[in-house]
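Written out below as structure tokens is the structure these notes cover.
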Amino acid sequence: MSENGRTRIVLKSGKDQSLRRFHPWVFSGAIKKIHGSAREGSLVDVYDNKDEFLATGHYQEGSIAVRVLDFEPLETDLDFWEKRIGKAWGLRKELGLTSDKGTSVFRLVNAEGDRMPGLIIDYYGGTAVIQMHSVGMCRNIELIKDALLGIKEAGIHTIYNKSASTLPDKPGIDQRSGFLRGEKSHDVVRENGFAFRVNWKEGQKTGFFIDQRENRKLLGSWSAGRKVLNMFGYTGGFSVYALGGGAEMVHSVDSSGKAIELTRENVELNFPGDKRHEAFAVDAFSYLQDIRDRYNLIILDPPAFAKHQHVLNNALQGYKRLNQRAFEQIAPGGILFTFSCSQAVSRENFRKSVFAAAANARRNVRILHQLSQPPDHPVSLFHPEGEYLKGLVLEVE
Ligand code: SAH
Numbered sequence: 102m103s104e105n106g107r108t109r110i111v112l113k114s115g116k117d118q119s120l121r122r123f124h125p126w127v128f129s130g131a132i133k134k135i136h137g138s139a140r141e142g143s144l145v146d147v148y149d150n151k152d153e154f155l156a157t158g159h160y161q162e163g164s165i166a167v168r169v170l171d172f173e174p175l176e177t178d179l180d181f182w183e184k185r186i187g188k189a190w191g192l193r194k195e196l197g198l199t200s201d202k203g204t205s206v207f208r209l210v211n212a213e214g215d216r217m218p219g220l221i222i223d224y225y226g227g228t229a230v231i232q233m234h235s236v237g238m239c240r241n242i243e244l245i246k247d248a249l250l251g252i253k254e255a256g257i258h259t260i261y262n263k264s265a266s267t268l269p270d271k272p273g274i275d276q277r278s279g280f281l282r283g284e285k286s287h288d289v290v291r292e293n294g295f296a297f298r299v300n301w302k303e304g305q306k307t308g309f310f311i312d313q314r315e316n317r318k319l320l321g322s323w324s325a326g327r328k329v330l331n332m333f334g335y336t337g338g339f340s341v342y343a344l345g346g347g348a349e350m351v352h353s354v355d356s357s358g359k360a361i362e363l364t365r366e367n368v369e370l371n372f373p374g375d376k377r378h379e380a381f382a383v384d385a386f387s388y389l390q391d392i393r394d395r396y397n398l399i400i401l402d403p404p405a406f407a408k409h410q411h412v413l414n415n416a417l418q419g420y421k422r423l424n425q426r427a428f429e430q431i432a433p434g435g436i437l438f439t440f441s442c443s444q445a446v447s448r449e450n451f452r453k454s455v456f457a458a459a460a461n462a463r464r465n466v467r468i469l470h471q472l473s474q475p476p477d478h479p480v481s482l483f484h485p486e487g488e489y490l491k492g493l494v495l496e497v498e
């Protein structure tokens, strides 16, 4: 036990190096001994094998054994959560996201990027949607809720805990999703002046792919007079921006019928009766079989092909096949916005797959923009795994 009565985790010799470089995870293989009983989700102190204090974090049985909250000793009382979540709010405020000038949706807490590993909180104009990925966060949910309600200027009236699919299956924790405050399940939010209907209870992730905000804006600026194909469109984010940017025609494709229904609603919200848009609930790969040169602006934003490192090769093949189909058919002078949101796929690997696809399609291609996630999805410099969204804007001769 530590002096504070807390369970003490002692690392094997040499296994302290990554913590000394502020990487926020302790892998189970690095642990030499556990003094005291390490309860799932409890706060533990981590020491090197010479008894020097290294970090405090949440313990969990599994490959990542400790998720570090700080490299100084600490208590996770209400004051701690108020300060940490308050700081996260402060960054979004500095970014100009909280003043509701055309944008009412942003990521408020981005796990390791906000020094709260295992915790995601998205903000939808007064509603906070929480996704917890660790037992430690689950044990603190009441304090997290109180800290959120304590940010008066956030005016939070609804808190929805959407962790059923993200929490690990462990005895003694309540994995169910549910409202912690209020009971509103959907709303119309605004992003860069456009309106979007978001249903956090039934939608994918927390309801909206907030991480594409800046990239959608850029897409808008490339859309004038173009024939746009939005593949894997979900609820039509890119499509709405393309229409706003003056596209000649916009086609949205997603395999989910529900997503396509919402796409139509979102287009109608922003551009009532606009005949330039059509949406199709079909599989992306079959749609791309035969589009010939109908489009000169294509967006490829597929779901994560690699959720884990061991399926990396399959994922890279998947990106290559998908991009190759687009390269083979996009009209001359076309623009391709292509993305990967797989954490396991590095920026370099993604670029290599796209390179191979272009070479196979025998098209001359130039990189115009290299894209990433926006600053409300910050990445700790010490935790490069947090940089998951990669994108390229390419011109195809
Ligand atoms: N670009 C979107 C987010 C895309 S998320 C936005 O800005 O909001 C990925 C989407 O791909 C999901 O909506 C999912 O339903 C869809 N999808 C998954 N597999 C698919 C497939 N084989 N064909 C078409 N769509 C697919």
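Numbering (this note's numbering), first residue to last: 102 to 498.
Note that CB positions come from ideal geometry on N, CA and C, so glycine has one too.
> Out of curiosity, what's the CA-to-CA distance linking Ala139 and Tyr160?
Replying inline: By 1-based counting over the sequence shown, the position of residue 139 is 38. By 1-based counting over the sequence shown, the position of residue 160 is 59. Near 7 Å, if we compare the C-alpha coordinates of Tyr160 and Ala139.
> Alpha carbon to alpha carbon, what distance is there between Leu493 and Ala465?
Replying inline: The sequence position of residue 465 within the sequence shown is 364, counting from 1. The sequence position of residue 493 within the sequence shown is 392, counting from 1. As written in the sequence, residue 465 is Asn, which differs from the Ala given in the question. In a straight line, the C-alpha of Asn465 is about 15 Å away from that of Leu493.
> Starting from Ile501 and walking both ways along the beta strand (DSSP E), at which residues does that stretch end?
Replying inline: Any question about residue 501 goes unanswered here, given that the chain covers just 102 to 498.
>> Let's see if you can read the secondary structure: which residues bound the beta strand (DSSP E) around Tyr148?
In response: For the purposes of this step, residue 148 is taken as the residue at position 47 of the sequence shown. Element bounds for Tyr148: 144-148.
> DSSP three-state call for Thr364: helix, strand or coil?
Replying inline: As a first step, residue 364 must be located in the sequence shown, where it is residue number 263. In this structure, Thr364 counts as helix in the three-state DSSP scheme.
> Among Gly163, Gln474, Trp182, Trp301, which has the Cα closest to the Cα of Arg240?
Replying inline: To locate residue 240, count along the sequence shown from 1; it is residue 139. The shortest C-alpha separation from Arg240 is found at Trp182.
> Among Lys133, Val455, Ala166, Tyr335, which residue has its Cα nearest to the Cα of Pro218?
Replying inline: Within the sequence shown, residue 218 is the residue found at index 117, counting from 1. Ranking the options by Cα distance to Pro218, first place goes to Ala166.
> Where does Glu71 sit, in a helix, a strand or coil, going by DSSP?
Replying inline: An answer regarding residue 71 cannot be provided, because it is not within the stretch 102 to 498 covered by the chain.
> Smallest Cα separation from Gly142: which of Glu213, Pro269, Leu209, Asp215?
Replying inline: As a working note, residue 142 is residue 41 in the sequence shown. Looking at the Cα atoms, Pro269 is the closest of the given residues.
> Hey, out of Arg298, Gln313, His409, whose CA is closest to Lys491's CA?
Replying inline: One-based indexing of the sequence shown puts residue 491 at position 390. Out of Arg298, Gln313, His409, Gln313 has the C-alpha closest to the C-alpha of Lys491.
>> Quick check for students: name the residue ranges of the alpha helix (DSSP H) that lie wholly in the region 306-354, counting only runs of 4 or more.
In response: 314-322, 338-345
> Rounded to the nearest angstrom, how far is the Cβ of Arg467 from that of Leu495, given a contact under 8 Å?
Replying inline: In the sequence shown, counting from the first residue as 1, residue 467 sits at position 366. In the sequence shown, counting from the first residue as 1, residue 495 sits at position 394. The Cβ separation is near 7 Å, so the contact holds.
> At which residue ranges does the region 144-232 contain complete beta strand (DSSP E) runs of 3 or more residues, listed in the order of the chain?
Replying inline: 144-148, 154-160, 165-171, 206-211, 220-225
> Between Val446, Leu244, Asp288, Val299, which lies nearest to Asp180 when the distance is taken from Cα to Cα?
Replying inline: Against the sequence shown, residue 180 aligns to sequence position 79. Among Val446, Leu244, Asp288, Val299, the Cα nearest to that of Asp180 belongs to Leu244.
> Could you check where the beta strand (DSSP E) with Leu490 kicks off and where it finishes?
Replying inline: Within the sequence shown, numbered from 1, the residue matching residue 490 stands at position 389. Note, Leu490: premise wrong, no beta strand (DSSP E); not H, not E.
> Just to check, is the beta-carbon of Phe295 closer than 7 Å to a non-hydrogen atom of ligand 1?
Replying inline: Locating residue 295 in the sequence shown gives position 194, counting from the first residue. Checking every heavy atom of ligand 1 against the Cβ of Phe295, none is found closer than 7 Å.
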